[in-house]
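A.B. asks: Before I ask anything, here is the structure I am working with.
Numbering (the working numbering), first residue to last: 133 to 351.
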């Protein structure tokens, strides 16, 4: 990476840290940092534009719609304004914005409107942070943030929610495993993502068995 690109990444990191200094624990700078590191790891095995991957990873959650009244335009607009201030090429800006617009799970029933190898990489990295040990911690952290019940045996997971129903769901946190987290293993885009996801998925299955055994007084 040349000096200009290196300075751009440094400036972006400073910007993201400042923007997310008061963010919820599962969507804070440390989440961004993990996704960034995983993106770089996956990118080693893929033909891609590393600058786009890096910027996409660092800016993918710069203004998550969950914390902005469901407005999906805030994040792309904040990213575009920042990248313009850094004199980034127009085609790079638009590619990064498309990554931000298309990275989310959104209930899993939305057709992705844009595809690229760079999006594949950042999307896998983001999904990896939603599963495994950290994914479990993030799920319960967000559930607590929204004052949701951990588990209610009388409320079954809903696998057929629309995008809007998914966004507005107040279901118990355990339901989120079935409505999203356990589905991600089969939605990875890259070989590296598939391999890492398999191990993290297995950990979640072990965790859920332990959870239910403890809940039901079997352990």
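Glycine included, C-beta positions come from ideal geometry on N, C-alpha and C.
Going straight from the alpha carbon of residue 287 to that of residue 316, what length do you get?
C.D. replies: The straight-line gap from Cα to Cα measures roughly 22 Å.
A.B. asks: Residues in the same chain with beta-carbon distance under 7 Å from residue 328, minus the five sequence neighbours each way, listed in chain order, please.
C.D. replies: Only 260 meet the Cβ criterion.
A.B. asks: Is it true that the CB of residue 311 sits closer than 9 Å to the CB of residue 290?
C.D. replies: The answer is yes: Cβ separation under 9 Å.
A.B. asks: Evaluate residue 351 with the Cβ neighbour count: other Cβ atoms within 10 Å of its Cβ, from every protein chain shown; 16 or more gives buried, anything less gives exposed.
C.D. replies: Residue 351 is exposed by the Cβ-count criterion.
A.B. asks: Give the secondary structure of residue 293 by DSSP, where H, G and I count as helix, E and B as strand, and everything else as coil.
C.D. replies: Coil.
A.B. asks: Taking the straight line between their C-alpha atoms, what separation do you get for residue 179 and residue 248?
C.D. replies: When rounded, the distance between both Cα atoms is 11 Å.
A.B. asks: For a quick check, are the C-beta atoms of residue 275 and residue 335 less than 9 Å apart?
C.D. replies: Not a contact, by the Cβ cut-off of 9 Å.
A.B. asks: Measuring straight from C-alpha to C-alpha, what distance separates residue 204 and residue 349?
C.D. replies: If you take the alpha carbons of residue 204 and residue 349, they lie about 43 Å apart.
A.B. asks: Output the distance between the C-alpha atoms of residue 153 and residue 278, rounded to the nearest integer angstrom.
C.D. replies: Looking at the two C-alpha atoms, the distance is approximately 19 Å.
A.B. asks: Would you please state the rounded distance, in angstroms, between the beta carbons of residue 268 and residue 339? I believe it to be under 8 Å.
C.D. replies: That belief holds up - the Cβ atoms of residue 268 and residue 339 are roughly 6 Å apart, short of 8 Å.
A.B. asks: Can you tell me the Cα-Cα spacing of residue 185 and residue 160, whole angstroms?
C.D. replies: Each residue's alpha carbon lies about 19 Å from the other.
A.B. asks: Would you report the Cα separation of residue 219 and residue 213, rounded to the nearest angstrom?
C.D. replies: Each residue's alpha carbon lies about 10 Å from the other.
A.B. asks: How many angstroms separate the CA atom of residue 301 from the CA atom of residue 175?
C.D. replies: When rounded, the distance between both Cα atoms is 34 Å.
A.B. asks: Whole angstroms is fine: what's the gap from residue 318's alpha carbon to residue 326's?
C.D. replies: Whole-angstrom Cα-Cα distance: 8 Å.
A.B. asks: Does residue 299 come out as helix, strand or coil in the three-state DSSP assignment?
C.D. replies: Note: residue 299 maps to helix in three-state DSSP.
A.B. asks: What residue does the alpha helix (DSSP H) around residue 305 start on, and which one ends it?
C.D. replies: Residues 305 to 311.
A.B. asks: Measure the alpha-carbon distance for residue 177 versus residue 323 and round it to whole angstroms.
C.D. replies: Distance between the alpha carbons of residue 177 and residue 323 is about 8 Å.
A.B. asks: Just to check my reading of the structure: residue 257 and residue 189 have Cβ atoms closer than 8 Å, yes? What is that Cβ distance to the nearest angstrom?
C.D. replies: Indeed, because the Cβ distance is near 6 Å, the residues count as touching under 8 Å.
A.B. asks: May I ask you to check if the CB of residue 283 is nearer than 8 Å to at least one heavy atom of the ligand FAD?
C.D. replies: Within the structure as shown, the ligand FAD is missing, as the structure has no ligands at all.
A.B. asks: Which value, in whole angstroms, describes the spacing of the CA atoms of residue 235 and residue 215?
C.D. replies: Whole-angstrom Cα-Cα distance: 18 Å.
A.B. asks: Taking Cβ positions, are residue 237 and residue 271 nearer each other than 9 Å?
C.D. replies: Going by C-beta atoms, residue 237 is not nearer than 9 Å to residue 271.
A.B. asks: Nearest-angstrom Cα distance between residue 206 and residue 230?
C.D. replies: Cα to Cα, the separation comes out at about 13 Å.
A.B. asks: Going by alpha carbons, who is nearest to residue 193 out of 217, 183, 166 and 172?
C.D. replies: The shortest C-alpha separation from residue 193 is found at 166.
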